[in-house]
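Following: one structure in structure tokens, then a few remarks.
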Amino acid sequence: MDNELELTKKRLAELSRRAYDRGICTFSEFLTPGEQTELGRMRLAEPCVLDGGYSEAERRAAVFGGERAPICCLEIAPAAPKFAEELTHRDYLGSLMGLGLRRSVLGDIVLAEGRAYVFCLESVAGHIEDGLTQVRRTNVRVRRAENLPESVTAPPEETTLTAASERLDALVSAAFNLSRAESARLFEAERVFVNGLPAHSASSRPEEGDMVSVRGMGRFRFEGALGETRKGRLRVSLRIYGK
23 MDNELELTKK RLAELSRRAY DRGICTFSEF LTPGEQTELG RMRLAEPCVL
73 DGGYSEAERR AAVFGGERAP ICCLEIAPAA PKFAEELTHR DYLGSLMGLG
123 LRRSVLGDIV LAEGRAYVFC LESVAGHIED GLTQVRRTNV RVRRAENLPE
173 SVTAPPEETT LTAASERLDA LVSAAFNLSR AESARLFEAE RVFVNGLPAH
223 SASSRPEEGD MVSVRGMGRF RFEGALGETR KGRLRVSLRI YGK
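The numbering used here puts the sequence shown at residues 23 to 265.
Right, dumping it as structure tokens:
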């Protein structure tokens, strides 16, 4: 286990102990899915809840002795939409990191309706509002989001697809319309994760509710198998998220 993860676990244990000893609310910065999985395996003095600012959040903060973390959602929109570039998640993240921010103070960045919704700790919201004026060559305006579009807050609908089996590589192929060889290359490149942890075996079978992420392509939640088709293929239910 790498040193960075060990330091994160030590910090989480300290936050839990402080909340328990002092009867106060403490919270972490945003955790990756893998860190959240490790958190779930820890024995802590004070239990925690996870909060990412909205129900479908991937990156979430651990809250000990309370229910909510001080999270703010900022809307980043082109100042002149007519002349705006088509900006990606990487473009927004790069510009935010360019303000000198750590990745851990930023939660999910959700693209919707030609703009980005950035979840961040309240402590850095003002810095972003004041400092972010451009993403790539597009001038932008930043404001606190009051009402989030349903496309941001609502989970994707369940999709029924057919797969060769419940094997992880077969589900990845079905979710992203890939050939068996293309799916195999993703595993060889170590781009597939289950609940934030590297998927070392393409033949493993995820459990219902597991979140499968493919770096650069998106993620999906496995909702279960629904039986076989007449041709012997397996019908599966997935919730497929964007990148």
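Idealized CB from N, CA, C, for every residue including glycine.
*Which residue or residues does DSSP assign as beta-bridge partners of VAL140?*
Per DSSP, the beta-bridge partners of VAL140 are LEU96 and ILE131.
*Check LEU118 in the structure and name its three-state DSSP category.*
helix
*Counting pairs of Cβ atoms below 8 Å between the segment 176 to 195 and the segment 30 to 40, do you hit three or more?*
no
_Residue closest to VAL71, alpha-carbon to alpha-carbon, out of CYS95, LEU34 and LYS104_ = LEU34
*With a Cβ-Cβ cutoff of 8 Å, do ARG243 and THR251 count as a contact?*
no
*Taking LEU53 as the reference, give the member of GLU89, PRO92, LEU128 and CYS94 with the closest Cα.*
LEU128
*Out of VAL236, GLY246 and ARG241, state which residue places its alpha-carbon closest to the alpha-carbon of ARG227.*
GLY246
_What does the Cβ neighbour count give for ALA83, buried or exposed, with the cut at 16 atoms within 10 Å?_
buried
*Would you mind working out which of LEU96, ASP43, GLY116 and THR155 sits nearest ALA102, comparing C-alpha positions?*
THR155
*Report the three-state DSSP secondary structure of GLY249 (helix, strand or coil).*
Per DSSP, reduced to three states, the secondary structure at GLY249 is strand.
*asked:* Quick check on this structure: which residue in GLU60, PHE49 and GLU36 has the alpha carbon closest to the alpha carbon of ASP24?
replied: GLU60
*I think VAL157 touches ASP130, with their Cβ atoms under 8 Å apart; what is that distance to the nearest whole Å?*
Contact flag wrong, Cβ pair sits at about 17 Å.
_Close-in-space but distant-in-sequence residues of the same chain around TYR263 (CB under 7 Å, 5 per side omitted)_ = Setting aside the 5 residues that flank it on each side, TYR263 is surrounded in the same chain by PRO178, GLY240, ARG241 and PHE242, each with a C-beta closer than 7 Å to its C-beta; the list follows chain order.
*Return the residue from the list GLU97, ARG202, PHE105 and GLY136 that minimises the CA-CA distance to LEU118.*
GLU97
*asked:* Beta-carbon within less than 6 Å of GLU68's beta-carbon, same chain only, minus the 5 sequence neighbours each way: which residues are those?
replied: SER38, ALA41, TYR42, PHE86 and GLY87
_Paired residues, beta bridge with CYS70 - DSSP_ = Answer by DSSP bridge pairing, in chain order: PHE86.
_Inter-residue spacing [alpha-carbon to alpha-carbon] between ARG213 and SER201_ = 16 Å
_Can you tell me which residues form a DSSP beta bridge with GLU180?_
ARG261
_Cβ-based burial, GLY238 [other Cβ within 10 Å; buried from 16]_ = exposed
*asked:* Need the endpoints of the alpha helix (DSSP H) that LEU34 sits in, please.
replied: 25 to 44
*asked:* Could you compute how far the alpha carbon of PHE49 sits from the alpha carbon of GLN58?
replied: Computed Cα separation, rounded: 13 Å.
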